[in-house]
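Structure, as structure tokens:
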Amino acid sequence: MSYVDPFDADRWPRLTVTEKFISGLTGLATWFAVRLYGNALASRRTDTAAATNLGAGSAGIGASLLSSWIFFNIEYTKRLNKPESLADPDSNFSRFCNLNVRWKERNPEPSSPNASVTRRRIILLHGFGASLFTFRNVMDELARKTGSNVEALDLPAFGLTSRSWSNHHYSLRSMAEVVGQFARMPARQANDICLVGHSLGGLVALQSVAQLPCAPRALILVSPAIYFRETKQRARGIRRCLQTVLLPLRYALATVQVSFRFLTAQISRGISPVLRGLVRLVVSQERLWRYGLRLAVEDRTLIRPDVIEGYRLPDRVRGWDRALLAFVLNRYQGVFSIKEFAQQVHRIAHGGTAEDYTDLLQNLRKLSIPVLIIHGRDDRIVPLRNSQLLAQYLGCELCIFDHCGHLPHEEMADRFIDCVERFIAQIGTPSHSPRRAAVEAF
Numbered sequence: 001m002s003y004v005d006p007f008d009a010d011r012w013p014r015l016t017v018t019e020k021f022i023s024g025l026t027g028l029a030t031w032f033a034v035r036l037y038g039n040a041l042a043s044r045r046t047d048t049a050a051a052t053n054l055g056a057g058s059a060g061i062g063a064s065l066l067s068s069w070i071f072f073n074i075e076y077t078k079r080l081n082k083p084e085s086l087a088d089p090d091s092n093f094s095r096f097c098n099l100n101v102r103w104k105e106r107n108p109e110p111s112s113p114n115a116s117v118t119r120r121r122i123i124l125l126h127g128f129g130a131s132l133f134t135f136r137n138v139m140d141e142l143a144r145k146t147g148s149n150v151e152a153l154d155l156p157a158f159g160l161t162s163r164s165w166s167n168h169h170y171s172l173r174s175m176a177e178v179v180g181q182f183a184r185m186p187a188r189q190a191n192d193i194c195l196v197g198h199s200l201g202g203l204v205a206l207q208s209v210a211q212l213p214c215a216p217r218a219l220i221l222v223s224p225a226i227y228f229r230e231t232k233q234r235a236r237g238i239r240r241c242l243q244t245v246l247l248p249l250r251y252a253l254a255t256v257q258v259s260f261r262f263l264t265a266q267i268s269r270g271i272s273p274v275l276r277g278l279v280r281l282v283v284s285q286e287r288l289w290r291y292g293l294r295l296a297v298e299d300r301t302l303i304r305p306d307v308i309e310g311y312r313l314p315d316r317v318r319g320w321d322r323a324l325l326a327f328v329l330n331r332y333q334g335v336f337s338i339k340e341f342a343q344q345v346h347r348i349a350h351g352g353t354a355e356d357y358t359d360l361l362q363n364l365r366k367l368s369i370p371v372l373i374i375h376g377r378d379d380r381i382v383p384l385r386n387s388q389l390l391a392q393y394l395g396c397e398l399c400i401f402d403h404c405g406h407l408p409h410e411e412m413a414d415r416f417i418d419c420v421e422r423f424i425a426q427i428g429t430p431s432h433s434p435r436r437a438a439v440e441a442f
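Quick look at the structure:
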């Protein structure tokens, strides 16, 4: 097989003449073998001729396609690289939770008037399908203006962090453990940590609160994918009686729903080689990333070839498709123990959802950690209404960026930095109340 460009995922491998010959010969041999077996049956039965011809033809085509697919996967795997070989010079790699995690840092200039004597650390966590590449435009200025050590890392299953064969690494809990170990690095440990999470990274930041060596000084959620339901008024009278009568049925339906999700995830793992092929076919296409960015941003001028290539870089890492599929299936399955199964059934039966973060949010309120939520008004991926409900529940600040989509830190980097700088400057001052709710539109 040969490639015009070994890194252009849209140019699929072309079979050489030899490989085409082998694939065709495999199909022909399979057709002949099935036909020979069918003729043996036909000598005893007269109604198998048509079925034999159909079966032989189908088997031959299938064998030929399978042979071609094997050749394709062999060459595709050869062109994948170790994460370290794809990293730029300012990347660092450290071992956390048996994964080689890629991270970057930006430090304030020693002469900066804002340099923090307490070694404040701002840890940036990216969203689904992204990497620390998404923070490329804000790290330097954040470090300079806030006087903090700004660090960003690639979460498991994404970016240039190494991929593992264990599915255990690809869950929110494992991601939070990686963040916790990253925060406890002996050479960089600090008691003043601010977590900044975008989209899925916001959910990871919420999970990571319990993993840090101490409670974070602040939590900044950017377009957080922490879906929050409005609290419904408690039913009364006849409606409440009807709900009580139907409760056993609702538990039964909830059990079926959770069981279906669990079984579907297990079946999907059984056919993972096929699904991995589909993931490769879809995710490595340039047009998919272009469409995804068009959906995420309001300013289409940001969709440049260099940006698209920056987002696509991780699909050159060995095992990227396996890790991505494992993460998606873990998220879909949702339950990994009998206790989690029972909890999901109970939540759904009482009108909730399979995923519930109420306990994490309540813990956040008890710790009185200052929280800032930043959201684009024109976000088409995570609705603004979700962050409004979340801010109301937490009693925290909500900054709304007008004419902005799902990526405020990329679409409006300067305003994002100013918003974060102002919030961090307020922390610890007498006038600052972490329970104060405010909405500021930019």
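In full-length UniProt numbering, the protein residues as written are 1 to 442. We treat Cβ as the ideally placed atom computed from N, Cα and C, and that holds for glycine. Source: prediction; values computed, not measured.
For residue i, the residue or residues it bridges with in DSSP
| i | result |
| --- | --- |
| Ala29 | For Ala29, which the question treats as bridged, DSSP gives no partner whatsoever. |
| Cys194 | Ile122 and Ala218 |
| Asn153 | Residue identity check: residue 153 is Leu in the sequence provided, not Asn. Looking at the DSSP assignment, Leu153 forms a beta bridge with Trp103 and Leu125. |
| Leu73 | Checking the sequence shown, residue 73 turns out to be Asn, not Leu. None, per the DSSP bridge assignment. |
| Leu372 | Ile220 and Glu397 |
| Asn81 | Val317 |
Selection from the options that minimises the alpha carbon distance to residue i
| i | options | result |
| --- | --- | --- |
| Arg415 | Glu141, Tyr170 and Ser174 | Glu141 |
| Asn100 | Phe158, Phe71 and Pro89 | Phe158 |
| Asp90 | Phe96, Arg102 and Cys97 | Arg102 |
| residue 446 | Tyr37, Glu397, Val382 and Arg269 | Nothing can be reported for residue 446, as the shown portion of the chain is limited to 1 through 442. |
| Gln285 | Leu263, Tyr76, Ser387 and Arg312 | Arg312 |
| Asp88 | Arg269, Ala33 and Gly310 | Gly310 |
| Arg144 | Ala265, Glu105, Ala130 and Arg331 | Glu105 |
| Ile369 | Gln392, Arg380, Cys396 and Gln388 | Cys396 |
| Arg95 | Ser164, Gly127 and Phe135 | Ser164 |
| Val222 | Gly24, Thr16 and Cys419 | Cys419 |
| Gly180 | Ile267, Leu124, Pro273 and Ser387 | Leu124 |
| Asp379 | Ile417, His403 and Asp154 | His403 |
| Leu66 | Asp306, Ile22 and Ser166 | Ile22 |
Residue range of the alpha helix (DSSP H) that includes residue i
| i | result |
| --- | --- |
| Lys366 | Thr358 to Lys366 |
| Asp299 | Where Asp299 is concerned, there is no enclosing alpha helix (DSSP H), given that its DSSP letter is neither H nor E. |
| Glu109 | Counting along the chain, Glu109 falls outside any alpha helix (DSSP H), and DSSP gives it neither H nor E. |
| Ala130 | Segment: none, Ala130 is in no alpha helix (DSSP H) and carries neither H nor E. |
| Ala183 | Leu172 to Ala183 |
| Asp306 | Pro305 to Arg312 |
| Cys419 | Ala413 to Gln426 |
| Gly159 | Where Gly159 is concerned, there is no enclosing alpha helix (DSSP H), given that its DSSP letter is neither H nor E. |
Test item: CB-CB of residue i and residue j under 8 Å
| i | j | result |
| --- | --- | --- |
| Ile374 | Leu384 | no |
| Thr26 | Ser85 | no |
| Asn149 | Arg120 | yes |
| Val317 | Leu80 | yes |
| Pro156 | Val178 | yes |
| Leu364 | Leu394 | yes |
| Leu200 | Ala176 | no |
| Tyr160 | Pro83 | In the sequence on display, residue 160 carries Leu and not Tyr. Closer than 8 Å, so yes. |
| Asp76 | Arg287 | Inspection of the sequence shows that residue 76 is occupied by Tyr rather than by Asp. Their beta carbons are not under 8 Å apart, which means Tyr76 does not touch Arg287 by this criterion. |
| Ala152 | Phe135 | yes |
| Ser58 | Leu15 | no |
| Phe228 | Leu360 | no |
| Trp31 | Gly60 | yes |
| Ala413 | Val138 | yes |
| Gln388 | Leu372 | no |
| Glu19 | Phe71 | yes |
Residue i at chain D interface by Cβ criterion, 8 Å
| i | result |
| --- | --- |
| Lys20 | Absence of chain D from the displayed structure is noted, only one protein chain being present. |
Residue i: first and last residue of the uninterrupted beta strand (DSSP E) it sits in
| i | result |
| --- | --- |
| Ser148 | Counting along the chain, Ser148 falls outside any beta strand (DSSP E), and DSSP gives it neither H nor E. |
| Leu212 | Taken as a continuous stretch (DSSP letters only), Leu212 belongs to no beta strand (DSSP E), as it is neither H nor E. |
| Arg95 | Asn92 to Phe96 |
heavy atom of the ligand MN below 7 Å from residue i C-beta
| i | result |
| --- | --- |
| Ala296 | With respect to the ligand MN, the structure shown offers nothing to examine, as it has no ligands at all. |
Note to self: Taking 8 Å as the cut-off, does the stretch 157-177 touch the stretch 188-207 (at least 3 CB pairs, one atom from each stretch)?
What the structure shows: The stretch 188-207 makes contact with the stretch 157-177; the number of CB pairs closer than 8 Å reaches 3 or more.
Margin query: I'd like to know if the stretch 215-227 and the stretch 191-201 are in contact, where contact means that at least 3 CB-CB pairs between them fall below 8 Å.
Written below: The stretch 215-227 is in contact with the stretch 191-201.
Item checked: contact_flag[the stretch 402-409, the stretch 320-332] where n(CB pairs < 8 Å) is 3 or more -> Flag = no, the stretch 402-409 and the stretch 320-332 do not touch.
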